[in-house]
Amino acid sequence: MRSHDIAKWQVIMAVFHDEVEIEDFTYDEENELYHYPCPCGDRFEITKEMLEMGEDVATCPSCSLIVRVIYDPDLFTKLETVTTPPRSMISDTA
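The opening residue of the sequence shown carries number 1 in full-length UniProt numbering; numbering runs sequentially from there.
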């Protein structure tokens, strides 16, 4: 088993300290990081990028507690930018 698979398995087998809605987290725009107070005195963290990838587990860097983040994945979907070629490159076939 690869380390990524093991980590995923550990999350599946994990016991969550709590389930917390994303609205209850504080957002740090500079670091694109959501955080929420942990009972140990530190805070649970999850990045915007992790939410965009569908992750829903916030971890505390100081202890072993984890929380499940309740959020709408559609609000964190990365939008692809589609560029239109310049008009000079579009041929008129009409």
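From the three backbone atoms N, C-alpha and C, an ideal C-beta is built for every residue, glycine too.
I'd like the list of long-range same chain contacts for residue i, defined as Cβ closer than 6 Å, with 5 residues on each side in sequence excluded.
i   : result
H17 : L65 and V67
D42 : C60 and S62
D56 : R68 and V69
Go ahead and pull the three-state DSSP assignment for residue i.
i   : result
L75 : helix
L33 : strand
E55 : coil
D42 : coil
Count the other C-beta atoms from every protein chain shown that fall within 10 angstroms of the C-beta of residue i, then say buried if there are 16 or more, exposed otherwise.
i   : result
C38 : buried
V15 : exposed
Note down, in chain order, each residue of its chain lying with its Cβ closer than 8 Å to the Cβ of residue i, except the 5 sequence neighbours on either side.
i   : result
E32 : T47, K48 and E49
Y34 : I22, F25, T26, Y27, D28, E45, I46, T47, K48, L51, A58 and V69
Whole angstroms are fine: how far does the CA of residue j sit from the CA of residue i?
i   : j   : result
E30 : G54 : 21 Å
D74 : C40 : 32 Å
F76 : Y36 : 18 Å
Within a Cβ cutoff of 7 Å, which residues of the same chain sit near residue i, ignoring the five residues on either side of it in sequence?
i   : result
E19 : V67, R68 and I70
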